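J.: There's a structure below that I have some questions on.
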Amino acid sequence: MIVAKQKPLSELTAMLDGYRNVLAVGCGTCVTVCFAGGVKEVGILASALRMARRLDGEPMSVAETTVQRQCEAEYIAPLAEGLDEFDAVLSLGCGVGVQTLAERFPGKRVLPALDTAFMGLPTEQGVWEERCQGCGHCVLDITGGICPVSRCAKQLMNGPCGGSQGGMCEVDTDTPCAWQLIWERLAGQGLADRLLEIQPPRDWSTSRDGGPRRIVRDDLRLPPAEDV
Amino acid sequence: MDQISAPAPAAQAPAPVRRFKSGSNLERMLAAGHFAVTAEIGPPKSHDAEVIRRKAALLEGCVDAANITDNQTAVVRLSSIASGAILVGQGLEPVVQMTCRDRNRLAMQSDLLGAAALGIRNVLCLTGDHQSHGNHPGAKNVHDIDSIQMVRMVKEMRDEGLFQCGEEISGGGPPLLIGAAANPFADPFELRVHRLAKKAAAGADFIQTQLVFDMSRFREYMKRVVDLGLHEKVAILAGVGPLKSAGMARHMRDKVPGMVVPDGTVARMEAAVDGVAAEDKQARREAWRAEGIRICIEQIRELREIEGLRGVHIMAIEWEEAVRPIVEGAGLFPRPAPEV
Amino acid sequence: MTATETPFEPRIVAFCCRHCAYAAADLAGTSRLAYPPALKIVELPCTGRVDVLELLRTFEDGVDGLLVAGCLPGRCHYLAGNLHARQRVDYARRWLEDIGLEGERLRMINLSAAMGAQFAELATEMAETIKDLGPSPLGTRQTAGQGLSIGSTPLPGEAVHDHGDGR
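Chains as they are written, first to last, in our numbering: chain A, 1 to 228; chain B, 1001 to 1340; chain C, 2001 to 2167.
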């Protein structure tokens, strides 16, 4: 899932300075599951913003709604009705959700309430960890199902750096060294010798370095109108 | 040593035969079978070339080549290549260190060509300390390629005259002796020898290790290295360094990732100031430093007995004055001239 | 609004667990122990039912102070409901401070059903704390005796939208 967390209230009150009537829009998918932007978090944030603004002597109305999936146009289309009454939309979606709203309603100020952090999973209740950076060329087949691109601070492809100690990373001693994990996983599977192969430099053009990425599936596109 | 023989000269005057990969002094010393000595110079956090010249002067005659660190511990310092060029001008051979943290493959190759053009003949390929430990923790790190991929890239540039993309380098590749680092004390221990094997296979000519204090673990490591025959593929130089104080010994033991300092070494440093008045800071400092140099000399003497080891790399951090007494004390002074 | 200044009587809501604090409050009452008159008690099946949203909404509605009263540690009928409540109260207090309200206006206490005297004592202590802090700047202090609505009615400026979900 996409994991996000709410921006500090002070950042949001500064962002919303001057607006009087705001619609807070949550998303029922990833950010609901990571407790950052679902129905309840929209309620908490809206309440907090209303209170903060009342205390500032600049009351602001914050209406609340949550769509099932903020990253698809058809789910946000119904928001068009009644949107005129609001002078800004505060999205509690991920960065994709914010941009989907902004693309669909180009005349409206759409502001982000969350900091979108990573693609990851909950490792225990209340804890989420990154697992994927969407680099566009998965290497999990050679690394025992443990991603060195997202889990090694140096994105090493040929084994651990000299800072791995006691199974932990030099950057943060609470973070396991990805290459220690890879080594243990492959050794456990009797495949440790695979780590002796030198992995060549990566082609990062499939990653963010190639600019915004796009996937086209011709079999799924609508046929050209003239052929229908 | 692999030797690349040039095709027989066609005409009259025999062209100089390129018998060495780089022709560097370090390469010649290793080829001649001498126990090599390198040391480390940390460039200043300023543009003061005099600092480099002063440090270089302290090493002249004591070492076969001097490493120049590249933004060591992720702290911005005078460029390693510029420092290397200053050393070349002074007649002290540099080993320019280059990390994967700060440069992508374009910048690396460009800088390698530049280094060679400035007369630099040795490069040490490193991953680089993480920027979170340095003075720009908010910086974006690069890590386009890793240190093993870098070793291979430099080798292909040098031996095949090819850029990493496969394009030809006009006029041939840069003559650089390729070094890499190894940390026998990081984890997982079993993987450390494999990683050295990968660096050798990628084309490293020499290896400089992390600081060795734990002699028994290092012997175990070297035994595995020799069992795999890696010592014949790559020249291994053990990292050593004088401790400056008991506090430094404890810090390295307790706080530095990938470093093992035995309690016995810490105890020796602590005992060095026995009988010295606590308020006599100067006397304590001198007692500690003298003991640090003594321990380092003893270590080098022990290391020379280890099969497969080809030299030592002395890291006297911000204490380059210590190098000469260490080299002298270890019986490695004066440095022999390479016969070839 | 009367012309004469009436003394500030803090409006405090207590979210009380039915298994302990609610009974303790009852005991305090039947024992004729005095506790603050403007204390409104809301019975919960367990303080684990307490939610950050409800805590904030209650403050938005204008209360001066809020007590969450649960079982003694280790005595929760649902094992850890009171511990969850403690974490949520701590979290909500950080929200209050970010909003600009004093964190002391929200407090968690732990009691057994037999601790009627302690309930009265802690509630009185809370009222004293709130008196020192003064009325909530969010309170719309109108005529005395006006009822307090807790998170039930739509708030001023709060439109209810339900576009797009559940399709």
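Here a beta-carbon is modelled for each residue, glycine too, at the ideal position from N, C-alpha and C.
Being a predicted model, the structure only gives us computed values, none of them experimental.
Is residue 27 of chain A helix, strand or coil by DSSP?
T.: Stepping through the first sequence from its first residue, residue 27 of chain A is reached at position 27. DSSP places residue 27 of chain A in strand when its eight states are reduced to three.
J.: State the DSSP-derived secondary structure class of residue 2132 of chain C, mapped to helix, strand or coil.
T.: Reading the third sequence from its first residue, position 132 is the one you call residue 2132 of chain C. Note: residue 2132 of chain C maps to helix in three-state DSSP.
J.: Would you mind sorting residue 1244 of chain B into buried or exposed? The rule is 16 or more other CB atoms within 10 Å of its CB.
T.: Taking the first residue of the second sequence as 1, we reach residue 1244 of chain B at position 244. By the 10 Å Cβ count, residue 1244 of chain B comes out buried.
J.: Would residue 5 of chain A pass as an interface residue toward chain C - the criterion being a Cβ-Cβ separation below 7 Å?
T.: Working through the first sequence from its first residue, we reach residue 5 of chain A at position 5. No, its Cβ sits nowhere closer than 7 Å to a Cβ of chain C.
J.: Kindly identify the DSSP beta-bridge partner or partners of residue 2125 of chain C.
T.: As a working mapping, residue 2125 of chain C is identified with position 125 in the third sequence. For residue 2125 of chain C, which the question treats as bridged, DSSP gives no partner whatsoever.
J.: Residue 1202 of chain B to residue 1123 of chain B, Cα distance in whole Å?
T.: In the second sequence, counting from the first residue as 1, residue 1202 of chain B sits at position 202. In the second sequence, counting from the first residue as 1, residue 1123 of chain B sits at position 123. Distance between the alpha carbons of residue 1202 of chain B and residue 1123 of chain B: 14 Å.
J.: Using a cut-off of 7 Å between C-beta atoms, extract the partners of residue 52 of chain A located in chain C.
T.: Along the first sequence, read from residue 1 onward, the residue named residue 52 of chain A stands at position 52. Going along chain C in sequence order, the residues near residue 52 of chain A (Cβ under 7 Å) are 2099 and 2100.
J.: Put residue 1114 of chain B into one of helix, strand or coil per three-state DSSP.
T.: Counting from one through the second sequence, the residue named residue 1114 of chain B turns up at place 114. Residue state, collapsed to three classes: helix.
J.: To the nearest angstrom, how far is the alpha carbon of residue 103 of chain A from that of residue 89 of chain A?
T.: For the purposes of this step, residue 103 of chain A is taken as residue 103 along the first sequence, with counting starting at 1. For the purposes of this step, residue 89 of chain A is taken as residue 89 along the first sequence, with counting starting at 1. Roughly 13 Å separates the two Cα atoms.
J.: Kindly indicate which three-state DSSP category residue 2177 of chain C falls into: helix, strand or coil?
T.: There is no way to answer for residue 2177 of chain C, as the model of chain C reaches only from 2001 to 2167.
J.: I believe residue 1058 of chain B touches residue 1224 of chain B by the beta-carbon criterion, under 8 Å. Please report the beta-carbon distance rounded to the nearest angstrom.
T.: On the second sequence, residue 1058 of chain B is found 58 positions in, with the first residue counted as 1. On the second sequence, residue 1224 of chain B is found 224 positions in, with the first residue counted as 1. About 36 Å separates the two Cβ atoms, so there is no contact after all.
J.: Mapping DSSP to helix, strand and coil, what is residue 2090 of chain C?
T.: Working through the third sequence from its first residue, we reach residue 2090 of chain C at position 90. Correct three-state label for residue 2090 of chain C: helix.
J.: At 4 residues or longer, what runs of the alpha helix (DSSP H) sit wholly inside the region 137 to 185 of chain A?
T.: Counting whole runs of 4 or more residues, the region 137 to 185 of chain A contains the alpha helix (DSSP H) stretches 148 to 151.
J.: The region 188 to 200 of chain A: which residues have C-beta closer than 7 Å to a C-beta of chain B, in chain order?
T.: So the close ones are 195, 196, 198 and 200.
J.: Would you say residue 43 of chain A reaches chain C, if we count a Cβ-Cβ gap shorter than 7 Å as a contact?
T.: Along the first sequence, one-based indexing puts residue 43 of chain A at 43. True, the Cβ-Cβ gap to chain C drops below 7 Å.
J.: Taking residue 9 of chain A as the query, report the chain C residues whose CB atoms sit under 9 Å from its CB, ordered along the chain.
T.: For this step, residue 9 of chain A is matched to residue 9 along the first sequence. Here the neighbours are 2095, 2098 and 2099.
J.: Quick one, which residues of the region 1118 to 1143 of chain B are near chain A if we go by CB-CB under 8 Å, in chain order?
T.: Those would be 1127, 1128, 1129, 1130, 1132, 1133, 1141 and 1143, in chain order.
J.: Taking Cβ-Cβ distances below 7 Å as the criterion, which residues of the region 76 to 101 of chain A are in contact with chain C?
T.: Listed in sequence order: 76, 78 and 79.
J.: Between residue 156 of chain A and chain B, is there a C-beta pair that is closer than 7 Å?
T.: Position 156 of the first sequence, counted from the start, is the residue given in the question as residue 156 of chain A. So, interface residue.
J.: Where residue 77 of chain A and residue 106 of chain A are concerned, what is the direct C-alpha to C-alpha distance, given to the nearest angstrom?
T.: To locate residue 77 of chain A, count along the first sequence from 1; it is residue 77. To locate residue 106 of chain A, count along the first sequence from 1; it is residue 106. Each residue's Cα considered, the two are about 13 Å apart.
J.: Compute the beta-carbon to beta-carbon distance between residue 1128 of chain B and residue 1159 of chain B, rounded to the nearest angstrom, for a pair I have assumed lies under 8 Å.
T.: As a working mapping, residue 1128 of chain B is identified with position 128 in the second sequence. As a working mapping, residue 1159 of chain B is identified with position 159 in the second sequence. Wrong, their Cβ atoms sit about 25 Å apart, outside the cutoff.
J.: When burial is assigned at 16 or more other CB atoms within 10 Å of the CB, is residue 1084 of chain B buried or exposed?
T.: Within the second sequence, numbered from 1, the residue matching residue 1084 of chain B stands at position 84. Residue 1084 of chain B should be labelled buried.
J.: Going along the chain, which residues of the region 2056 to 2067 of chain C sit with their C-beta nearer than 8 Å to a C-beta in chain A?
T.: Cβ contacts with chain A come from 2056, 2057, 2059 and 2060.
J.: Whole angstroms is fine: what's the gap from residue 39 of chain A's alpha carbon to residue 22 of chain A's?
T.: As a working note, residue 39 of chain A is residue 39 in the first sequence. As a working note, residue 22 of chain A is residue 22 in the first sequence. Taking the straight line from one Cα to the other gives about 16 Å.
J.: Quick one: which chain C residues come within Cβ less than 8 Å of residue 225 of chain A?
T.: Position 225 of the first sequence holds residue 225 of chain A. Correct list: empty, because the minimum Cβ distance to chain C is about 27 Å.
J.: For the region 158 to 180 of chain A, list every residue whose C-beta sits within 9 Å of some C-beta in chain B, in sequence order.
T.: Flagged, chain order: 158, 159, 160, 161, 162, 163, 164, 165, 166, 167, 168, 169, 170, 171, 172, 173, 177, 179 and 180.
J.: Tell me, please, whether the CB atom of residue 16 of chain A is closer than 7 Å to any CB atom in chain C?
T.: Locating residue 16 of chain A in the first sequence gives position 16, counting from the first residue. It does not: the Cβ of residue 16 of chain A has no partner Cβ on chain C nearer than 7 Å.
J.: How is the beta strand (DSSP E) around residue 1097 of chain B delimited, first residue to last?
T.: As a position in the second sequence, residue 1097 of chain B is number 97, starting the count at 1. Looking at the DSSP string, the run of the beta strand (DSSP E) that includes residue 1097 of chain B is 1094 to 1099.
J.: State buried or exposed for residue 2073 of chain C, treating a residue as buried only when at least 16 other CB atoms are found within 10 Å of its CB.
T.: Taking the first residue of the third sequence as 1, we reach residue 2073 of chain C at position 73. Label assigned to residue 2073 of chain C: exposed.
J.: Within a Cβ cutoff of 6 Å, which residues of the same chain sit near residue 1333 of chain B, ignoring the five residues on either side of it in sequence?
T.: Position 333 of the second sequence holds residue 1333 of chain B. Correct list, in chain order: 1327.
J.: Quick check on DSSP: helix, strand or coil for residue 217 of chain A?
T.: Position 217 of the first sequence, counted from the first residue, corresponds to residue 217 of chain A. Reduced to three states, the DSSP call for residue 217 of chain A is coil.
J.: So which of B/1211, B/1049, B/1321 and B/1215 has the shortest CA-CA distance to residue 1264 of chain B?
T.: Taking the second sequence and counting its residues from 1, one reaches residue 1264 of chain B at position 264. Of B/1211, B/1049, B/1321 and B/1215, the residue nearest in Cα terms is B/1215.
J.: If distances are taken between C-alpha atoms only, which option among C/2044, C/2060, C/2056 and C/2005 comes closest to residue 2140 of chain C?
T.: The residue you call residue 2140 of chain C lines up with position 140 of the third sequence. Comparing Cα positions, the closest option is C/2060.
J.: Is the region 2055 to 2070 of chain C touching the region 2089 to 2108 of chain C, taking contact as three or more C-beta pairs under 8 Å?
T.: Yes, the region 2055 to 2070 of chain C is in contact with the region 2089 to 2108 of chain C.
J.: Measure the alpha-carbon distance for residue 73 of chain A versus residue 1112 of chain B and round it to whole angstroms.
T.: Counted from its first residue, the first sequence places residue 73 of chain A at position 73. Counted from its first residue, the second sequence places residue 1112 of chain B at position 112. Taking the straight line joining both Cα atoms gives about 50 Å.
J.: Check the Cβ-Cβ distances between residue 55 of chain A and every residue of chain C, and say whether any is below 7 Å.
T.: As a working note, residue 55 of chain A is residue 55 in the first sequence. Closer than 7 Å: yes.
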